[in-house]
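Line order of the protein sequences matches chains F and W.
21 is the number of the first residue of the first sequence in this note's numbering; add one for each residue after it.
21 is the number of the first residue of the second sequence in this note's numbering; add one for each residue after it.
Yeah, the Cβ is synthetic: ideal placement off N, Cα and C, and Gly gets one too.
These notes are about the structure you will find just below.
There are 2 protein chains.
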Amino acid sequence: MTKPGSAPSLTQAERSALSDRAMIEAACELLLEKGAGGTTLAAIGEKAGYSRGLATYRFGSKAGLFKAVGKAVSHRWLAVLQAEVGEQTGVDAMCAAIDAYAKFVQASPDDARIQQILFSEAGGPESESRSLAIDTYRRQISDVATWLADGIDTGSVRDDIDIDAEAVQFVASIVGATHLWLLVPDHVRFDAMRRSAKQRLRNHLASAA
Amino acid sequence: MTKPGSAPSLTQAERSALSDRAMIEAACELLLEKGAGGTTLAAIGEKAGYSRGLATYRFGSKAGLFKAVGKAVSHRWLAVLQAEVGEQTGVDAMCAAIDAYAKFVQASPDDARIQQILFSEAGGPESESRSLAIDTYRRQISDVATWLADGIDTGSVRDDIDIDAEAVQFVASIVGATHLWLLVPDHVRFDAMRRSAKQRLRNHLASAA
DNA sequence: CTTTACTTGCTTGTCGGTAACAAGTAACCT
DNA sequence: AGGTTACTTGTTACCGACAAGCAAGTAAAG
């Protein structure tokens, strides 16, 4: 029982969900500000309004926390992608994915930056965020491969292509463009690249029929 | 004068050049083994056969050391690129660059890995290796743009393209493919991608004439 | 050639800061 | 109330960075 004039009196689950969200939010801000290496668990906890130790306690380790942040961001991206692509297949789906990504980067550039910072961090043979990055990329490559396979089945895509190689190149283009955009933003104009990338896709992959 | 039976008696310059090389070499091995975060300056110094403090003393900071490593690797890559591309321009130069990169990755996969690890590390707003990565990417994009401009001048490349956008996409494809290869090596087959990437380039950029 | 003053390569001592864990406290639950 | 769960504080080990010192090399004077 809570005394009349006291605090909201949340349930335990609500309390932890609240602090989790606050810390992930704080982590995002700090990541953008100071990068992965410059972000400390203590700073995250305190910025979220708690003690220096909570982040470690809740997420176990720095890698664990970054994994949680990555999952949150990834989830938002996949929602946008799904909404844009819908049930399309073949080259249409790939073009829609390009549009979705452009939209995502424009609407939530912070999310895009964070995702890229975290996935870059996954470079070495260390980290737990490595496995998240691997899963995400693998998933995206296989999605594209499925689009292509369906496109071949329905006759909209040439049947003499190497599906896996094309899928990897497609994902690689987007990953690479984001990477460059993060480092050399003035050189990377997503909107300008969209047109030629889509046209190139159609020229290269669409069936002659 | 050195006593007959005594040690090699190197000059100061030779001594420091020797330890520099030893430490950069040690740093490369540790980077491949433990990643950027897992590599410590003390371990580098000791692995190179010196004290825990030498790496810091010589390179000033961890970022400074990584910068030196990056420069060494970058230098080797640029040599391969220059040898393969030569005086070619336009689409020919870009195809040669693809071949050069495939050759580089096959001949010195460790170098490719290290470069990618370091350039990934440059994601956040921190680090000194960030500026090296930026310079390198900027340089590569402008090289490709020059190839394209020359190709338009000599008539081998369509004149209705957006040079900068195409150059960025080209570099982005390679950067992204390497990034994926580092994380998901089994999905990325450089040799399979070479053929279709080059064909796509020619289809998309070569002038109709 | 030898001595001496100086420079440069390298090592050791140390400090602030951080991740990770453990033990304790306070809030919620039954 | 007792017990479970959310959170805090105390502590340890480790790392990057710096600074003071030591030793190896260099060069000028006698």
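Per DSSP, F:T60 lies in no alpha helix (DSSP H) segment and is marked neither H nor E. Residues are counted here when their Cβ sits less than 7 Å from a Cβ of chain F; for the stretch 126–140 of chain W these are Q136, I137 and S140, given in chain order. Under the criterion of beta carbons closer than 8 Å, F:A165 and F:D184 qualify as touching, at roughly 6 Å.
Non-local beta-carbon contacts of W:L138 in its own chain, meaning distances under 6 Å to residues more than five positions away in sequence, involve F86, G90 and S149 in chain order.
The C-alpha of W:I161 lies about 6 Å from the C-alpha of W:V188. Close to F:Y157, with beta-carbon spacing below 9 Å, are these residues of chain W in chain order: H199, L200, L203, V204 and H207. For W:A56, the closest Cβ of chain F is nearer than 9 Å. With distances taken between CA atoms, F:N223 lies nearest to F:C115 out of F:C115, F:I44 and F:S39.
Nearest neighbour of W:P145 by Cα position, chosen from F:I44, F:V208 and F:L202, turns out to be F:L202. With a threshold of 16 other beta carbon atoms within 10 Å, W:A56 meets it and is buried. Interface flag for W:D163 against chain F is unset, since no Cβ pair is found closer than 9 Å.
Within the stretch 170–200 of chain F, those residues whose Cβ lies closer than 9 Å to any Cβ of chain W are, in chain order, I181, D182, D184, A185, E186, A187, V188, Q189, V191, A192, S193, I194, V195, G196, A197, T198, H199 and L200. Here F:A226 is bridged, per DSSP, to F:V177. Close to F:I154, with beta-carbon spacing below 9 Å, are these residues of chain W in chain order: L203 and V204. Taking the Cα positions, W:D131 is about 15 Å away from W:P205. When C-beta distances to chain F are compared with 9 Å, every residue of the stretch 109–128 of chain W stays at or above that value.
The continuous stretches of alpha helix (DSSP H) do not include W:G73, and DSSP gives it neither H nor E.
Sequence-ordered contacts of the stretch 211–223 of chain W with chain F read A212, M213, S216, A217, R220 and N223 [C-beta pairs closer than 7 Å].
Runs of the alpha helix (DSSP H) spanning 4 or more residues and lying entirely within the stretch 120–195 of chain W occur at 129–141 and 149–173, in chain order. Listed by position along chain W, the residues whose Cβ is nearer than 7 Å to that of F:A142 are L203.
Taking the Cα positions, F:W167 is about 5 Å away from F:G110. Interface with chain F (9 Å Cβ-Cβ cutoff): W:E49 is excluded.
By alpha-carbon distance to W:Y77, the top candidate from W:K218, W:S39 and W:L51 is W:S39. Judged by pairs of C-beta atoms under 8 Å, the stretch 116–125 of chain W does not touch the stretch 66–84 of chain W, as fewer than three such pairs exist. One Cα belongs to W:A83, the other to F:A42, and the distance between them is close to 31 Å.
Note on F:G65: 16 or more other CB atoms within 10 angstroms of its CB, so buried under the neighbour-count rule. When C-alpha distances from W:V191 are compared across F:L200, F:V191 and F:F190, the shortest belongs to F:L200.
At least one CB atom of chain W sits nearer than 9 Å to the CB of F:L52. The shortest C-alpha to C-alpha distance from W:Q108 to any of W:V177, W:A197 and W:H207 is the one to W:V177.
Between F:R35 and chain W, the shortest Cβ-Cβ separation is not below 9 Å. Distance from the CA atom of W:Y70 to the CA atom of F:V195, rounded to whole angstroms, is 40 Å.
DSSP places F:H95 in the uninterrupted alpha helix (DSSP H) bounded by K82 to V105. For F:S39, the three-state secondary structure derived from DSSP is helix. Judged by their CB atoms, F:A46 and F:A68 are nearer to each other than the 9 Å cut-off.
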